[in-house]
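**Student:** Take this structure, written in structure tokens, and hold onto it; I'll ask about it next.
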Amino acid sequence: MRGRDLGPAEAYASASAGLSAGSGWLLPIRSEAAALLQSRGFPARDEAWKYTRAGNLLQAVFVPAQEASDVALPDGPWGDEPRLVFVDGIPHPGLSRGVEGLQLEDLSTVSGGCPELGRALGEGDGFSALNRAFLRHGAVLRLPRGQQLSALHLIHLCTGSRAPSGEGHLETLRHVLVLEGDGQLQLFEHYLSADGVEHASLTNAATEVILGPDSHVRHVRILDEDLRSLHVGAIGAVVGAGSRYDLTSVVLGVGLARIEVTVHLGAKGSATDLSGLSLLQGRQHVDHHVTVEHATPGGISDQDFRSVLGDQSRSVYTGAVIVRRGAIGTRSSQLHRALLLSDDAIANTRPWLEIDNDDVSCTHGAAIGSLDEDALFYLRQRGLSELAARGLLTSGFASQILSRLSPEAVAQHLLQRARAWLGAS
Amino acid sequence: MLELIDLHAEIEGTPILKGLSLSLGGGEVHAIMGPNASGKSTLAKVITGHPDYRITSGGIRFEGRSILDLGPEERARLGIFLSFQHPIEIPGVSTAEFLKAAVNATRRARGQPEVDAAEFLRLARERMALVEMDPSLLKRSLNEGFSGGEKKRNEIFQMAMLEPRLAILDEPDSGLDVDALRIVASGCEALRSPERTMLVITHYQRLLDHLTPDHTHILLDGRIVRSGGPELAQEVEARGYQWVRDEVAA
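Right under this line is the structure:
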């Protein structure tokens, strides 16, 4: 394609102009983002990208798929629950399953604009601009006041097929979920690869969750793709008064992932519980970059991010907690734990506190190390082989994040995947 | 059934056991008493194969064979059980999940059929009753958030499930109130059998009031310096250890 010799920012910016149109209101957002991308470029020696080289996500210029291939939906914990399925970033109505009366549609068909788009995720860096420059598809859900949805699955299936450029595909998605008030939602995002993937792809997926008052969202995001895939994820939540946003980010399969989480606690009694589990091997690299902003008194935020690292894998956790001047009585905790199963694995951890008032309680901790020798001896003394003992301790470490997920079907699915991973690693 | 022969052992270059010899017959209950740092817990860990301890000379024979070359799990599967002084907490692993794996690893090694979930639960409930343990603890993470008494009872419950030939009880009474002590001791007493030898490490006579030993030994500076019957424990309770030290020095 033209522009291959230009820098990736310029190449992507010019490619976005050729994107087939959705609703008209998307066009100015795309072109503005493309101009921004072109002028600013992708992050290079940025402090926020200290341990993850943005260049490794940009080794090729990926292009969007034109249409959804016909593939089968793999087995998963969604049962008969409502789901939107995207194949290579394109909605696949045949695999999706709606529910009557639900205000759920694809971004490209939303007419007249989506006022909440951009509220939970701001201008951001080059990858954020890339997401908007290719803005086309994604789930737009609106839960009117008082409505509950026990499960919505957003399933992303990557076929790994070849784009005309010779590379894999670029998948950009923008999901916007709005709870107007007094609502509940369990949201599951699955990123999966179809069987027989042949080419690496780049996913750039942004999810915005806007919680009105007295609402609760439990969000589970599962990355279980081919080991060559590249992934940039952005999750933003704006939490209303008396509301709670909980996220668990599970990473099982991906080559390189950078996942940014931004939660804004700007209303009285808002709270968030963020957790993550990455099970990595080979040369997998996963970077969680979490920012929680406390802008109102009495907010509560907790973070527990864990990784299990084999071979030469690497996990990065940056957890920033920002407490604004008026946010007295803020309570926040951050914890990063990494279990190193190999001498060559690396874990980087950076807790980051920015506190503008006195009356707060903020704790942070990090524990990076190998399995506890006393615990291993205890289990072996009970007759378990060393291998079984190591497996049990590692699965215990992982299941502290997974077993608290609901519903049971999702927790069991992930526990099973984690055990399979442990058996194979 | 267990013979410790002139055993010398060290940890990180520091000698702890300095020529310990002891012989336990089948079905006997032996009590080991001794002041702090005399080597009691080391003895328990050396017999069970803790990798931090190095045996520099001497031998350990269990039912006629040397076990020095065996790893902890192999010794466990032969039927050697240690009730830990400080049981380990393992978050994320339920007591049931752990213990079923342990029971089945042991059964496989002994050529017995594995127990399924239903049979395991039935056995577990029956044996938890021995130490008046709440069955709801089976679902909880192993020892996490358990009280001191619950942890010690859990050790004895595990012993009941694993049915060892040799049970080493490392201060099963430490940190227990009078009622919990009675429950733990009577649980041990109930598990006493001609098929099971017990080596009980304790500081106090009060455990031995419920679990009367056939033999009592005093461990001092890495060696057994006195052996006798149950009355030796009473003498220690009444007089402390200084007289033993004096006699040994003389």
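Sequence lines, in order, name chains A and B. So the mapping is simple: the working numbering equals the position in the first sequence, first residue as 1, plus 3. So the mapping is simple: the working numbering equals the position in the second sequence, first residue as 1, plus 21. Don't be surprised by glycine CBs; every beta carbon is placed ideally from N, CA and C. The structure displayed is predicted, hence computed values, not measured ones.
Got a sec? Which residues, its chain only, sit under 8 Å from A/S364 by beta carbon, not counting five neighbours each side?
**Tutor:** Cβ within range, chain order: T333, R334, S335.
**Student:** Buried or exposed: A/L390, going by 16 or more other Cβ atoms within 10 Å of its Cβ?
**Tutor:** Classification of A/L390: exposed, given that the 10 Å Cβ count is below 16.
**Student:** Run down chain B in chain order and give the residues with a C-beta less than 7 Å from the C-beta of A/Q384.
**Tutor:** Here the neighbours are T69, P93, A97, L103.
**Student:** At a Cβ threshold of 9 Å, is B/G113 touching chain A?
**Tutor:** Yes, B/G113 counts as interfacial toward chain A.
**Student:** Going along chain D in order, which residues have a C-beta closer than 8 Å to the C-beta of B/L183?
**Tutor:** The displayed structure is made up of protein chains A and B, and chain D is not among them.
**Student:** Out of B/A270, B/L220, B/E268, B/Q133, which one is the CA nearest neighbour of B/M54?
**Tutor:** It is B/L220 whose Cα lies nearest to the Cα of B/M54.
**Student:** For the pair the segment 230–248 of chain A and the segment 206–216 of chain A, tell me if three or more CB-CB distances fall below 8 Å.
**Tutor:** Yes, they touch.
**Student:** Give the single residue among A/S409, A/G141, A/L382, A/R86 whose Cα lies nearest to the Cα of B/G70.
**Tutor:** Residue A/L382 is the option with its Cα nearest to B/G70.
**Student:** Could you tell me which chain A residues have their CB closer than 9 Å to the CB of B/Q179, listed as they occur along the chain?
**Tutor:** Going along chain A in sequence order, the residues near B/Q179 (Cβ under 9 Å) are R385.
**Student:** Determine the DSSP secondary structure at B/R186, reduced to helix, strand or coil.
**Tutor:** Coil, per DSSP.
**Student:** With 16 as the cutoff for other CB atoms within 10 Å, does B/S62 come out buried or exposed?
**Tutor:** B/S62 comes out buried.
**Student:** Mapping DSSP to helix, strand and coil, what is B/D235?
**Tutor:** Here B/D235 sits in coil by DSSP.
**Student:** Would you call the CB atoms of A/L138 and A/L107 closer than 9 Å?
**Tutor:** No. Outside cutoff.
**Student:** Which ranges does the beta strand (DSSP E) cover as unbroken runs of at least 3 residues, wholly within the segment 76–109 of chain A, from first to last along the chain?
**Tutor:** Whole beta strand (DSSP E) segments, 3+ residues: 86–90, 106–109.
**Student:** Could you tell me the boundaries of the beta strand (DSSP E) in which B/V124 lies?
**Tutor:** Taken as a continuous stretch (DSSP letters only), B/V124 belongs to no beta strand (DSSP E), being part of the alpha helix (DSSP H) at 116–130.
**Student:** Does the beta carbon of B/A259 sit closer than 9 Å to a beta carbon anywhere in chain A?
**Tutor:** Chain A contact via Cβ: absent.
**Student:** Report yes if the C-beta distance between A/V266 and A/E228 is below 9 Å; otherwise report no.
**Tutor:** In this structure, A/E228 does not lie closer than 9 Å to A/V266 by Cβ.
**Student:** Please tell me whether B/I68 and B/R96 are closer than 9 Å, where the distance is taken between their beta carbons.
**Tutor:** Closer than 9 Å, so yes.
**Student:** The alpha helix (DSSP H) that contains A/N134, what's its start and end?
**Tutor:** Note, A/N134: alpha helix (DSSP H), 129–136.
**Student:** How far does the beta strand (DSSP E) with B/K66 in it reach, from first residue to last?
**Tutor:** Careful: B/K66 lies outside any beta strand (DSSP E), inside the alpha helix (DSSP H) at 61–69.
**Student:** Compare the beta carbon distance of B/P193 and B/I177 with 9 Å and say whether it is the shorter of the two.
**Tutor:** Their beta carbons are under 9 Å apart, which means B/P193 touches B/I177 by this criterion.
**Student:** Mind the definition here: the segment 82–91 of chain B touches the segment 251–268 of chain B only if three or more C-beta pairs lie below 8 Å; say whether that holds.
**Tutor:** With the cut-off at 8 Å, the segment 82–91 of chain B and the segment 251–268 of chain B do not touch.
**Student:** Touch check for the segment 140–157 of chain A and the segment 172–192 of chain A: three-plus C-beta pairs under 8 Å?
**Tutor:** Touching, yes, given that three or more Cβ pairs across the two stretches are closer than 8 Å.
**Student:** If you draw a straight line from the C-alpha of A/L342 to the C-alpha of A/P96, how long is it?
**Tutor:** If I take the Cα positions, the gap works out to 41 Å.
**Student:** Cβ closer than 8 Å: which chain B residues qualify as neighbours of A/L396?
**Tutor:** Residues of chain B passing the Cβ test: I111, V114.
**Student:** Quick check: the Cα distance between A/L312 and B/R266, rounded to an integer number of angstroms?
**Tutor:** Cα to Cα, the separation comes out at about 52 Å.
**Student:** Keeping to the same chain, check which residues put their C-beta closer than 8 Å to that of B/Q226; ignore five residues upstream and five downstream.
**Tutor:** If we look at B/Q226 and ignore the five residues flanking it on each side, its Cβ neighbours are A254, Q255, V257, E258.
**Student:** Shortest alpha-carbon distance to B/T116 belongs to which of B/F105, B/R174, B/A181, B/R161?
**Tutor:** Residue B/R161 is the option with its Cα nearest to B/T116.
**Student:** In chain B, which residues lie less than 9 Å from A/F380 when you measure between Cβ atoms?
**Tutor:** Those within 9 Å of A/F380 in chain B are K66, T69, G70, H71, P72, D73, P93, I109.
**Student:** Okay, do the segment 144–151 of chain B and the segment 70–81 of chain B touch, 3+ Cβ pairs below 8 Å being the bar?
**Tutor:** No, the segment 144–151 of chain B is not in contact with the segment 70–81 of chain B.
**Student:** Of all the CB atoms in chain B, is at least one closer than 9 Å to the CB of A/F400?
**Tutor:** Yes - at least one Cβ of chain B is within 9 Å of the one on A/F400.
**Student:** Starting from the N-terminal side, write out each stretch of the alpha helix (DSSP H) that is 4 residues or longer and does not extend beyond the segment 201–251 of chain B.
**Tutor:** Counting whole runs of 4 or more residues, the segment 201–251 of chain B contains the alpha helix (DSSP H) stretches 226–231.
**Student:** With 9 Å set as the bound, which would you pick, yes or no: does the beta-carbon of B/F119 sit closer than that to a beta-carbon of chain A?
**Tutor:** Answer yes: the Cβ-Cβ gap between B/F119 and chain A drops below 9 Å somewhere.
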